[in-house]
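At position 67 of the sequence shown the residue is numbered 1488 (this note's numbering), and the sequence of numbers has no breaks.
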Amino acid sequence: MSTLAQTRVLSDPGVYVGGRLVAIIPNSVTEREPGEVSVRAVSAGGGAVQHVSGLNVEEMRGMVSFSIPTTGENVELAEGWRAASNAGTSTTVQVITQTRQSDYEDMWLTEAPEISYEPEGAIELTFEGSLPRRA
């Protein structure tokens, strides 16, 4: 019989920034799995080819992005995260579902948030930094 972890679609995560639960816009959370590998073909002589690979360590960083509704409180949160990141201060980010958890210890808001003043306005946020610990 299948387990819940095998069959439960990850669609309703809780997102915590600095230990605070953030109300997010549904279907806006993404995580990027760290790492990038370059594969090269090399000549092995006589028409034979072998392949070698190398890890691009520049891409070994965690990334979490999500959107929050444009409210006065959320604008203040985004401004605070931006100011802390500009000052070089990291924060924690957690993405938690019923069957999976990602913990990022040192994250910075890497893109300047744009505040859209409209009825369905959203603030898109991207945090990058430490590799995730998974539970």
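Using N, Cα and C, we set each Cβ at its ideal position, and we do this for glycine too.
These numbers come from a predicted model, not from an experiment.
1) To the nearest whole angstrom, what separates the beta carbons of T1491 and S1449, a pair I think is in contact under 8 Å?
2) Check L1552 in the structure and name its three-state DSSP category.
3) Quick one, which of E1539, S1459, A1504 has its alpha-carbon nearest T1512's?
4) My assumption, with CB atoms under 8 Å, is that V1443 sits in contact with I1517. Please give the rounded CB distance.
5) When you compare the CB positions of M1481 and L1530, do they come within less than 8 Å of one another, or not?
6) Just to confirm, is the Cβ distance from R1429 to T1520 under 8 Å?
7) Grab me the residues of L1425's own chain with a C-beta within less than 8 Å of its C-beta, minus the 5 sequence neighbours each way, in chain order.
8) Have a look at T1438 and V1496 and give me their C-alpha separation to the nearest angstrom.
9) Alpha carbon to alpha carbon, how far is S1459 from V1478?
So, to answer that:
1) T1491 to S1449, Cβ: 13 Å. No contact.
2) coil
3) A1504
4) 12 Å between Cβ atoms; not a contact.
5) no
6) yes
7) Q1519, T1520
8) For the sequence presented, residue 1438 should be read as Val rather than Thr. Using only the alpha carbons, I get a separation of about 14 Å.
9) 11 Å
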